[in-house]
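Chains as they are written, first to last, in this note's numbering: chain A, 6 to 531; chain B, 6 to 531.
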């Protein structure tokens with residue numbers, strides 16, 4: 006039987022807090038350090054490997070983490086989830102984003118439908134539509150092909166798909182499968198939509214309006230913004246606009262859209278990149294085959310996440326080590342540092358994924374928890390970050406665990422050899438050097454030049470950032486966050502913390518305010 | 006006399022720790038809250054105001070912070086700095102970025118030169134060059150005008166100028182002063198340069214190579230990358246390349262550049278947006294007059310930072326309240342949340358500015374400090390962040406102080422009225438609502454829907470994001486970071502923490518490694 010218990014009530018967690026921590030700087034030195042790096046690695050799917058040699062664990066701590074994962078029934082809970090239990094207790098919903106890329110367990114029947122069949126059917130509809138756009142069968146009113154796709158959405162309808170698009174844009178370019186350029190409008194700041202609309206060729210653009218509920222204030226506002234601009238350009242909006250929404254939303258059956266593609270309430274926004282939310286824009290931009298490769302990579306990572314053996318389950322392992330860093334070692338933030346410019350917005354996506362899922366103070370039954378939960382997540386691509394905030398990471402008063410990502414090869418293979426090494430080699434030499442600098446440090450009598458070390462990191466290493474590798478990378482972090490939520494006994498799939506701001510904003514717009522809120526409203530000219 | 010003393014040795018700091026903290030949720034409620042918001046505001050220059058109504062202070066705490074600022078001699082130390090003392094003790098350098106935009110004190114003579122005259126002379130050279138490019142007097146070999154400027158730099162040569170460019174791009178567009186498009190290449194990842202070069206029109210592009218020392222690995226690598234691409238396009242590189250560097254660098258007198266503009270060792274990279282580092286690219290993109298307005302705004306903020314009265318000195322006030330939140334209340338991170346899409350990369354710039362300046366564990370004499378210093382800084386524009394990581398900010402187990410920025414008017418003035426309000430009003434209604442939601446919270450018997458409140462924020466409010474407002478905003482944060490560094494008794498102007506990684510990366514490239522570093526190098530195919 007599944008038991009949902011607060012972490013601090015588990016004997017294995019109490020045991021974990023009593024295991025001796027390691028001295029990372031010592032452990033990573035000499036031949037012992039080399040041995041750790043060779044040993045502490047596990048395949049992640051799609052050719053990626055998760056190397057945790059420089060995380061602050063040893064076999065004893067890993068055994069304790071394994072016991073915790075077992076007592077907390079992490080993989081059993083995952084099985085509950087993918088077999089269709091109501092895991093999102095707050096909103097009384099199933100959590101089915103894994104079904105958008107594969108079938109890990111039993112058929113899931115909900116609302117009278119086989120949900121895997123529903124998601125694949127939507128993907129087929131999208132693929133067919135995208136193929137017809139690319140073939141010039143679906144055109145604008147003048148019979149001309151569409152060249153640009155603009156995603157209009159916010160939060161999960163924006164960050165994930167945008168990060169994925171940027172990650173594959175150059176790969177698609179050099180592999181001859183960049184079909185359309187994609188742009189994104191998200192912010193209700195009118196300068197966001199105005200700037201994007203000023204630079205796109207409206208007559209040859211398709212706009213995808215993405216809102217599960219069909220009621221997201223920012224998105225509906227920007228949809229109106231786009232409709233106005235199309236009208237002002239003398240264009241028929243209904244030939245340029247698509248909807249991605251749930252079948253029950255007001256957008257679903259509207260004649261205002263050229264086509265509508267569906268997700269449902271069982272796909273959380275921040276978990277929706279592999280659903281129609283990511284599927285429509287990525288299939289239009291790169292072709293449905295590329296989106297399929299992306300899904301296949303995610304499915305590989307999902308499969309690995311079902312293993313009850315902690316050392317064979319990279320997402321659960323990453324989750325448990327992160328939990329140890331957060332709850333036992335007391336580190337409040339985590340940095341995500343991809344050594345790949347293509348992943349420039351991947352940290353922003355993970356920031357939402359992690360902080361919105363596990364930034365909570367009550368358990369899944371609405372009772373307070375007596376331990377810290379989700380950390381603050383931030384990051385920028387390396388080597389850029391090295392010339393920016395790494396100073397604090399190396400010598401600041403707080404320790405920040407680091408998650409590096411690196412690839413043996415660049416995406417575009419346009420490179421230059423200077424002083425005996427390519428740019429890609431220089432890039433990778435830097436990430437290798439950083440791991441050791443953080444872990445081992447370097448003593449100096451001038452304390453201003455002293456590096457204490459003991460700063461943990463892991464690195465995910467791949468051959469090249471392909472669609473499949475990206476899918477595995479995305480799913481790895483989704484599953485990591487899920488496992489941490491299970492261990493902390495949270496509901497990682499609701500977001501009640503965003504509601505109060507929405508309610509108060511409506512009151513401001515209705516001029517129904519008093520006290521400090523009224524003063525701020527006046528100061529801001531509302 | 007100036008005394009450089011660790012903060013915990015100051016009587017006023019010990020007194021500060023004994024002042025009763027406030028209950029922010031109570032203080033911000035009802036008419037008392039309204040009164041706080043009306044009262045706790047101070048002009049920041051260029052029409053901006055810093056409102057700290059929702060920060061966790063009252064008159065008693067402010068008096069204690071004022072006493073600390075006085076005992077720590079913050080404005081006297083600032084005067085030392087702008088009058089030319091060797092403030093950067095580690096590198097034995099003056100710190101003169103304020104002189105790039107004004108003269109706050111005495112003439113500063115260094116290296117036999119009046120430094121204010123030197124900086125303004127460089128600005129004049131840049132202005133003259135930019136005007137000649139815009140007038141079509143400086144052209145490519147075919148006599149055609151340049152349309153694009155590409156900044157090649159990393160860290161401070163990239164983040165600040167890039168954030169400033171993005172902040173003003175749309176403003177310049179609607180105000181008829183967008184002269185050239187700007188692009189940026191920073192990362193040594195070859196996909197960064199390859200992607201930018203693939204989309205720019207090489208024949209009509211000017212490339213600015215920015216490196217103070219003339220030895221930055223990433224920048225020199227990318228310079229070669231650009232030179233190769235120009236050569237392959239049959240273009241004469243020396244007609245397309247500019248240098249921004251110090252007069253003593255190998256780049257300074259090279260015939261390989263069409264022109265060279267100078268800064269010097271007294272301008273730190275992260276403080277260089279108002280020097281030639283920002284001046285060249287911004288003057289080419291928008292015209293020298295726009296850059297002058299930007300400098301004038303920064304100069305206004307600098308002037309305000311000279312006031313010894315804490316309540317009249319917004320940068321020092323922001324610094325002291327931030328220090329109270331960090332050291333007394335114990336909050337480890339701070340989020341920067343501009344409600345302006347144009348400021349999309351401003352948080353990334355502040356992340357470098359703050360974390361590289363004050364992410365240190367030893368004081369300016371190289372002795373350990375017994376208190377925490379610079380926090381982790383992160384942020385994204387609102388309202389996007391609301392649909393992302395705000396969940397953790399509202400209901401997570403840690404409290405994160407917030408720095409909001411908002412403007413009464415949009416930059417482009419293309420707006421739409423839906424349901425009785427414009428997008429700009431919706432944007433601002435959201436930031437007003439968030440401040441109250443964070444501060445006051447809302448009780449609910451369902452703890453999953455409960456908001457504890459007590460989460461502090463300030464807001465900087467301006468009329469519109471103009472060049473002058475941007476300059477004041479930038480200088481405010483530069484000066485805030487400086488004052489915090491003075492209070493923590495740090496040297497905020499060196500960055501020894503970035504050195505070890507550089508040394509180890511060179512060893513990796515020379516294949517001079519063993520132990521764990523060799524294993525990582527092998528795994529990454531170097």
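A virtual CB, placed ideally from N, CA and C, is assigned to each residue, including glycine. Values in this document were obtained by computation on a predicted structure and should not be read as measured data.
Residues near residue i in its chain [Cβ-Cβ closer than 8 Å; skip 5 each side]
i, result
"residue 145(A)", "151, 208, 209, 240, 244, 245"
"residue 333(A)", "21, 22, 26"
"residue 15(B)", "73, 76, 77"
"residue 293(B)", "128, 131, 132, 135, 136"
"residue 69(A)", "17, 20, 21, 24"
Residue span of the alpha helix (DSSP H) that contains residue i, given as start and end
i, result
"residue 35(A)", "35-44"
"residue 295(A)", "293-309"
"residue 201(A)", "195-204"
"residue 322(A)", "319-328"
"residue 521(B)", "520-528"
"residue 186(A)", "Segment 186-190 is the beta strand (DSSP E) holding residue 186(A); no alpha helix (DSSP H) there."
"residue 491(B)", "472-493"
"residue 179(B)", "164-179"
"residue 72(A)", "64-76"
"residue 506(A)", "504-514"
"residue 230(A)", "222-237"
"residue 131(A)", "120-139"
"residue 407(A)", "Where residue 407(A) is concerned, there is no enclosing alpha helix (DSSP H), although the beta strand (DSSP E) it sits in stretches over 407-412."
"residue 83(A)", "79-87"
Residue i, buried or exposed, once every other Cβ within 10 Å from all chains shown has been counted against 16
i, result
"residue 6(B)", "exposed"
"residue 237(A)", "exposed"
"residue 220(A)", "exposed"
"residue 456(A)", "buried"
"residue 362(B)", "buried"
"residue 102(A)", "buried"
"residue 451(A)", "exposed"
"residue 38(B)", "buried"
Chain-order list of residues whose beta-carbon lies under 6 Å from that of residue i (same chain, five-residue window excluded)
i, result
"residue 346(A)", "386"
"residue 187(B)", "154, 170, 286, 290"
"residue 269(A)", "251"
"residue 343(A)", "351, 386, 410"
"residue 508(B)", "none"
"residue 406(A)", "330, 336, 339, 461"
For residue i, the first and last residue of its enclosing beta strand (DSSP E)
i, result
"residue 343(A)", "338-343"
"residue 27(B)", "Run containing residue 27(B): none; DSSP gives neither H nor E here."
"residue 396(B)", "Note, residue 396(B): premise wrong, no beta strand (DSSP E); alpha helix (DSSP H) at 395-400."
"residue 212(B)", "210-215"
"residue 348(A)", "Element bounds for residue 348(A): n/a, residue is neither H nor E."
"residue 467(A)", "462-467"
"residue 382(B)", "381-383"
Cβ separation of residue i and residue j, assumed to be a contact under 8 Å, to the nearest whole Å
i, j, result
"residue 131(A)", "residue 259(A)", "Their Cβ separation, rounded to whole angstroms, is 18 Å, which puts residue 131(A) and residue 259(A) out of contact at 8 Å."
"residue 265(A)", "residue 242(A)", "Contact flag wrong, Cβ pair sits at about 14 Å."
"residue 309(A)", "residue 49(A)", "7 Å"
Identity of the residues DSSP links to residue i by a beta bridge
i, result
"residue 98(A)", "93(A)"
"residue 367(A)", "373(A)"
"residue 3(A)", "Past the boundaries of the shown model lies residue 3(A); chain A is included only from 6 to 531, so the question cannot be answered."
"residue 265(A)", "248(A)"
"residue 161(A)", "DSSP output for residue 161(A) lists no bridge partner at all."
"residue 50(A)", "53(A)"
"residue 422(B)", "427(B)"
Near the ligand MN: residue i beta-carbon under 7 Å from a heavy atom
i, result
"residue 306(A)", "Among the components modelled here there is no ligand, and therefore nothing to report on the ligand MN."
Interface residues of chain C facing residue i [CB-CB closer than 9 Å]
i, result
"residue 80(A)", "Within the model displayed, chain C is absent; protein chains A and B are what it includes."
Nonlocal neighbours in the same chain, by C-beta distance under 7 Å from residue i, ignoring five residues either side
i, result
"residue 521(A)", "none"
"residue 495(B)", "363, 365, 368, 369, 378"
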